[in-house]
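Read in order, the letters of the sequence shown are residues 15 to 321 in this note's numbering. See below for the structure under consideration.
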Amino acid sequence: MSVRVESVTKIYGKQKALDEVSFTVNSGEIVGILGPNGAGKSTMMKIITGFLHPEEGSVWINGAVIGGNAFEIRRQIGYLPENNPLYMELYVAEYLEYVAGIYKLKTVRSRVKEMIGLTGLDPEKHKKIGALSKGYRQRVGIAQALIHDPSVLILDEPTSGLDPTQIIEIRQLIRNISANKTVMLSTHIMQEVEALCDRIMIINHGKIVATDTPKNIKALATTRIQKVLVEFAEFINQDKLNDIEGIVEIQPLSEKTWLINGGETDIRPLIYRFAVANNLTILTLNKQESSLENVFLEITGGRNNEQ
15 MSVRVESVTK IYGKQKALDE VSFTVNSGEI VGILGPNGAG KSTMMKIITG
65 FLHPEEGSVW INGAVIGGNA FEIRRQIGYL PENNPLYMEL YVAEYLEYVA
115 GIYKLKTVRS RVKEMIGLTG LDPEKHKKIG ALSKGYRQRV GIAQALIHDP
165 SVLILDEPTS GLDPTQIIEI RQLIRNISAN KTVMLSTHIM QEVEALCDRI
215 MIINHGKIVA TDTPKNIKAL ATTRIQKVLV EFAEFINQDK LNDIEGIVEI
265 QPLSEKTWLI NGGETDIRPL IYRFAVANNL TILTLNKQES SLENVFLEIT
315 GGRNNEQ
């Protein structure tokens with residue numbers, strides 16, 4: 015195994031940020047960590063990377079406990095913090111050479127060149143970091159986390175604040191680099207863990223409250239919300255759709271396409287009868303799977319549970 019956390023507790027004042035947390039992450043896994051603000055995600059990542067020390071418990075990286083020989087263990091970890099602190103006045107290659115020097119790499123320039131190519135920084139490599147877009151700064155942050163070739167990669171909110179195109183690019187980058195790494199990432203974006211992760215851990219009030227594959231986590235829902243995607247051939251006014259019995263919520267996706275929430279009732283037969291009665295042609299009538307977001311809110315008690 016690559017990461018083992020056993021009975022870790024971290025206290026700030028009177029608040030337990032982490033409460034006897036235990037888990038393992040195996041070599042080659044991509045594990046996503048979900049939780050409300052203040053749940054303990056960032057604290058856990060800082061303890062795993064050795065930047066914080068717990069009041070109780072231990073962390074092992076590749077079989078070695080984080081403790082006395084912390085620098086050698088940290089060499090096995092790549093870390094991208096949430097706020098991605100960078101030296102804005104340095105050029106991209108200059109900054110990466112600086113980081114490589116900290117790790118005392120022997121082939122600094124060739125390794126920097128390799129990282130620039132791997133993370134797609136070639137078009138911007140001659141710019142100062144302060145002149146880069148947020149997406150390219152994230153790439154620089156990932157490059158510095160990878161430059162010493164760690165076996166464990168810790169990414170705290172790697173796509174926070176990025177536009178949709180940048181998010182897709184960073185996701186693809188993480189996929190590409192994860193083949194020979196153990197990756198842990200925290201995020202608030204549900205699509206991120208579904209798209210990237212082999213396993214999800216949900217943390218709430220400092221405790222792991224669920225851990226499983228995305229598919230199995232979604233199956234934990236006790237309230238089966240029935241949502242249906244319906245596309246008509248003709249334009250239809252939302253007021254007419256409101257006449258369908260049992261509708262809880264209607265979300266327009268276009269003039270002819272709607273996402274209809276029927277609560278716990280499968281509303282497809284009612285939509286079909288409505289279409290027949292109004293001489294409407296249905297092009298699409300698909301039941302939507304339980305969403306990870308609904309399960310997350312159910313497990314954590316919703317947004318009111320944030321600290």
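Where a beta carbon is used, it is the ideal one built from N, C-alpha and C, also for glycine. All values reported here derive from a predicted model rather than from experimental measurement.
Query raised in the report: What residue ranges within the stretch 240-316 form continuous alpha helix (DSSP H) runs of no fewer than 4 residues, ordered along the chain?
Result: Runs of alpha helix (DSSP H) with 4 or more residues, each lying fully within the stretch 240-316, are found at 252-255, 282-291 and 306-314, listed in chain order.
Query raised in the report: Residues in its own chain within less than 8 Å of Ile203 by CB, not counting five upstream and five downstream?
Result: Thr173 and Ile181
Query raised in the report: In terms of residue numbering, what span does the alpha helix (DSSP H) encompassing Asn190 cover?
Result: Per DSSP, Asn190 is one residue of the alpha helix (DSSP H) stretching across Pro178 to Ile191.
Report task. Could you please give me the residues that DSSP links to Phe37 through a beta bridge? Result -> Val19
Requested in this report: Look at the Cβ atom of Leu94, then the Cβ atom of Asp170, and state whether they are nearer than 9 Å.
Outcome: yes
Requested in this report: Take Arg151 as the anchor and find which of Ala291, Leu243 and Asn97 has the nearest alpha-carbon.
Outcome: Of the listed residues, the one whose Cα sits closest to Arg151 is Asn97.
Query raised in the report: Counting Cβ pairs, one atom from each stretch, are 3 or more of them under 8 Å apart for the stretch 26-34 and the stretch 60-78?
Result: yes
Query - Of the listed residues Ile184, Gly277 and Glu245, nearest to Pro266 (C-alpha basis) - result: Comparing Cα positions, the closest option is Glu245.
**Report entry** CA-to-CA distance, Ile47 to Val207, given in whole angstroms
**Finding:** 8 Å
Query raised in the report: DSSP three-state call for Leu104: helix, strand or coil?
Result: coil
Requested in this report: Could you tell me whether the stretch 176-191 touches the stretch 103-121, using the rule of 3 or more Cβ pairs below 8 Å?
Outcome: no
Requested in this report: Tell me whether Gly81 sits in a helix, a strand or coil according to DSSP, three-state version.
Outcome: coil
Query - Met198 versus Asn293 - alpha carbon distance - result: 52 Å
Query raised in the report: What do you get for Asn251, buried or exposed, if any count of 16 or more other CB atoms within 10 angstroms of its CB means buried?
Result: exposed
Query raised in the report: Using DSSP with H/G/I as helix, E/B as strand and the rest coil, what is Glu69?
Result: coil
Query - Thr57 (DSSP reduced to helix, strand or coil) - result: helix
Query raised in the report: When DSSP labels each residue in this structure, what does Leu110 get in the three-state scheme?
Result: helix
Query - For Val166, the residue or residues it bridges with in DSSP - result: Ile91 and Thr196
Query - Three-state secondary structure assigned by DSSP to Leu48 - result: strand
**Report entry** Terminal residues of the alpha helix (DSSP H) in which Ile130 lies
**Finding:** In the DSSP annotation of this structure, the continuous segment of the alpha helix (DSSP H) that includes Ile130 starts and ends at Val122 to Leu132.
Requested in this report: Return helix, strand or coil for Asp226, following the three-state DSSP convention.
Outcome: strand
Query raised in the report: Of the residues Lys232, Leu176 and Thr201, which one's Cα is nearest the Cα of Asn51?
Result: The shortest C-alpha separation from Asn51 is found at Thr201.
Query raised in the report: Any idea what DSSP makes of Ala233, helix, strand or coil?
Result: coil
**Report entry** Assigned secondary structure, Ile203 (DSSP; H/G/I helix, E/B strand, else coil)
**Finding:** In this structure, DSSP gives Ile203 a state outside helix and strand, which the three-state scheme calls coil.
Query raised in the report: Which residue's Cα is closest to the Cα of Leu187: Ser56, Pro137, Met129 and Glu86?
Result: Per the C-alpha coordinates, the member of Ser56, Pro137, Met129 and Glu86 positioned closest to Leu187 is Met129.
Query raised in the report: Does the beta-carbon distance from Val39 to Ser21 come in below 9 Å?
Result: no
Report task. Return the bridge partner residues of Gln29 from the DSSP annotation. Result -> According to the DSSP secondary-structure assignment, Gln29 is paired through a beta bridge with Tyr26.
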